[in-house]
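Position in the sequence shown (first residue = 1) + 34 = my numbering. The C-beta atom is built at its ideal place from N, Cα and C for all residues, glycine as well. All values derive from a computational prediction rather than experimental measurement.
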Amino acid sequence: MTHQTDKERLESIVEMISSMAKLDFSERLDTEITNNPIDIISYGLNMLSEELEHNVVKKSKLEEINISLEKFSYTVAHDLKSPLNTISGLISLIEQENETASNKKVQEYISLLKETNERSRNMVNGILEYSRLNFRGIAMQRIDLRKLCSKIAEEYSIHKHVHISIDAHMPLVYHDETALTQIVNNLLSNAVKHNDKDICEIQLSSVDKGNYYEIRVSDNGPGIPNEQKNKIFNLFENQNSHHSNSTGIGLAIVKRIIDETDGTIRVESDEKKGSTFVFTIQKRAK
Numbered sequence: 035m036t037h038q039t040d041k042e043r044l045e046s047i048v049e050m051i052s053s054m055a056k057l058d059f060s061e062r063l064d065t066e067i068t069n070n071p072i073d074i075i076s077y078g079l080n081m082l083s084e085e086l087e088h089n090v091v092k093k094s095k096l097e098e099i100n101i102s103l104e105k106f107s108y109t110v111a112h113d114l115k116s117p118l119n120t121i122s123g124l125i126s127l128i129e130q131e132n133e134t135a136s137n138k139k140v141q142e143y144i145s146l147l148k149e150t151n152e153r154s155r156n157m158v159n160g161i162l163e164y165s166r167l168n169f170r171g172i173a174m175q176r177i178d179l180r181k182l183c184s185k186i187a188e189e190y191s192i193h194k195h196v197h198i199s200i201d202a203h204m205p206l207v208y209h210d211e212t213a214l215t216q217i218v219n220n221l222l223s224n225a226v227k228h229n230d231k232d233i234c235e236i237q238l239s240s241v242d243k244g245n246y247y248e249i250r251v252s253d254n255g256p257g258i259p260n261e262q263k264n265k266i267f268n269l270f271e272n273q274n275s276h277h278s279n280s281t282g283i284g285l286a287i288v289k290r291i292i293d294e295t296d297g298t299i300r301v302e303s304d305e306k307k308g309s310t311f312v313f314t315i316q317k318r319a320k
């Protein structure tokens, strides 16, 4: 070890602390195992720096990324490849039917082609939407939640079978308007897509929980089986539905946005009795 004066060693300690504050944990101090306070401090800093260096990137985050990449690969290989194979097969059938001039069959095959193609496009668009989520530009602001929900609900008013009611006492909240719009719109879209009743009834309400608000989106749909409740927010997880164009990406987008804005989301559901998606919004100081 190169001999240094106490002053030089203290300067090295200050420099190392400065580097650590900048998240640079590469430096190590020369030290010996003695009762000298400078050696004790240096030894402790070296240990702390090593520990921080190993934990800068949390293992849980890395695991999340790996799981998402695995599911992404599976989706590309299966969910996208399979419809394309179906299209190829249907084209062959159309060619065969053309030879026998069976126009009715041709129209059936064309209809199936359109449905398959639409699902493929929805899947690709969902993947792009998920991958493009960017939280660096989040701007928290005061939002009248009832007005925001009413504006979104208007887009569904063209569907006569969809009835959306909104609690008159929805709170004023602090949130990013674009992110909150995505959350509410995706939850409403999910409720409409999966509904199996003649009239789709959706209720938006809120509960003041002290430090945060619970926002509840309830529907009269088919409900969600217990074994699926912990899976439906996973990327590319699609619950069984009569709606063939559902990709299962919408709820993953909702979950990701809520996680990034310090909230939580869960689902309360009894099979055949509808579902209630409950997400939280932290209260912000004025």
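- Counting along the chain, residue 57 sits inside no alpha helix (DSSP H), nor does DSSP assign it H or E at all.
- Taking 4 residues as the minimum length, the alpha helix (DSSP H) runs contained wholly in the region 204 to 292 are 211 to 228, in order along the chain.
- Less than 7 Å separates the beta-carbon of residue 209 from that of residue 315.
- In the same chain as residue 65, and ignoring 5 residues on each side of it, the C-beta atoms closer than 7 Å to its own belong to 73, 76, 77, 80, in chain order.
- Residue pairing by DSSP puts residue 314 in a beta bridge opposite 248.
- In the structure shown, the three-state DSSP call for residue 141 is helix.
- At the C-beta level, residue 235 and residue 254 come within 7 Å of one another.
- A residue is called buried once 16 or more other Cβ atoms fall within 10 Å of its Cβ, and residue 174, having fewer, is exposed.
- Linking residue 146 to residue 138 through their CA atoms gives a straight-line distance of about 13 Å.
- Judged by DSSP in its simplified three-state form, residue 47 adopts helix.
- In the DSSP annotation of this structure, the continuous segment of the alpha helix (DSSP H) that includes residue 186 starts and ends at 179 to 188.
- Assignment of beta-bridge partners to residue 174 by DSSP yields 210.
- Between residue 302 and residue 310, the gap from beta carbon to beta carbon is short of 7 Å.
- With respect to residue 63, residue 46 sits close: the two C-beta atoms are nearer than 7 Å.
- Excluding its 5 nearest sequence neighbours in each direction, residue 224 has C-beta neighbours in its own chain below 7 Å: 284, 285, listed in chain order.
- Burial is judged here by how many other beta carbons sit within 10 angstroms of a residue's own beta carbon; residue 60 has fewer than 16 and is exposed.
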